[in-house]
Amino acid sequence: MSNTTESAATMPLVPITTHNHLSIMVTQMNYSLWRAHLIALLTGHDLLGYIDSSFKKSCLLPDGSNATVVSHWIRQDNLLLAAIFGSLLPDILPLVSSASSSCEAWDILTRLCAGRSHTRINQLKSELYRVEIKDRSITQ
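Numbered according to my numbering, the sequence shown spans residues 4 to 143.
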């Protein structure tokens with residue numbers, strides 16, 4: 004995405020809908036899958052910078068000359084935030100609903116779910132190593 008006023012103002016907004024684009028609902032068990040799907044989707048639409056904060060919101064200049072750029076950024080970010088909210092299950096949504104930007108929602112979800120996914124993976128690995136088949140452990 005270009006940082007110039009003209010190109011940002013003429014770029015179309017990209018609506019991401021949970022029905023058509025983001026059909027995976029986030030749970031603590033599938034966060035990694037959901038994350039990979041969203042990253043691929045946003046990269047394909049050149050929107051990843053909104054959630055990784057490389058596309059920063061410009062401050063409105065006193066003369067208002069960049070109002071169109073600022074407005075476009077706010078609108079696109081809110082479309083992404085709505086898509087993220089729409090892909091959350093009712094038990095997770097209240098934990099993220101205070102986010103005011105897609106980047107903030109992304110960060111909250113990362114803190115909430117990423118650690119638990121790794122913990123669950125380690126738990127499953129541990130259980131797998133303890134599985135025994137006719138007096139033999141799985142490692143034998």
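All C-beta atoms in this analysis are idealised placements derived from N, C-alpha and C, irrespective of residue type, glycine included. As the structure is a prediction and not an experimental result, all values here were calculated from the model.
{"Query": "How would you call D80, buried or exposed, if buried means at least 16 neighbouring beta carbons within 10 angstroms?", "Result": "buried"}
{"Query": "Report the option in V72, C62, L131, D55 whose CA atom is closest to the CA atom of I111.", "Result": "D55"}
{"Query": "For a quick check, are the C-beta atoms of A117 and A108 less than 8 Å apart?", "Result": "no"}
{"Query": "What is the rounded straight-line gap between the Cα of P65 and the Cα of S35?", "Result": "43 Å"}
{"Query": "Output needed for Y53: all residues of its chain with C-beta closer than 6 Å, excluding positions within five of it in sequence on either side, in chain order.", "Result": "D80, L83, S105"}
{"Query": "Among L41, M32, V17, S61, which residue has its Cα nearest to the Cα of S26?", "Result": "L41"}
{"Query": "Along the chain, where does the alpha helix (DSSP H) containing N81 start, and where does it finish?", "Result": "70-89"}
{"Query": "Exposed or buried, V150, counting other C-beta atoms within 10 Å across all chains shown (16 or more means buried)?", "Result": "In this structure the chain extends from 4 to 143, so residue 150 is not present and cannot be described."}
{"Query": "Give the secondary structure of V99 by DSSP, where H, G and I count as helix, E and B as strand, and everything else as coil.", "Result": "helix"}
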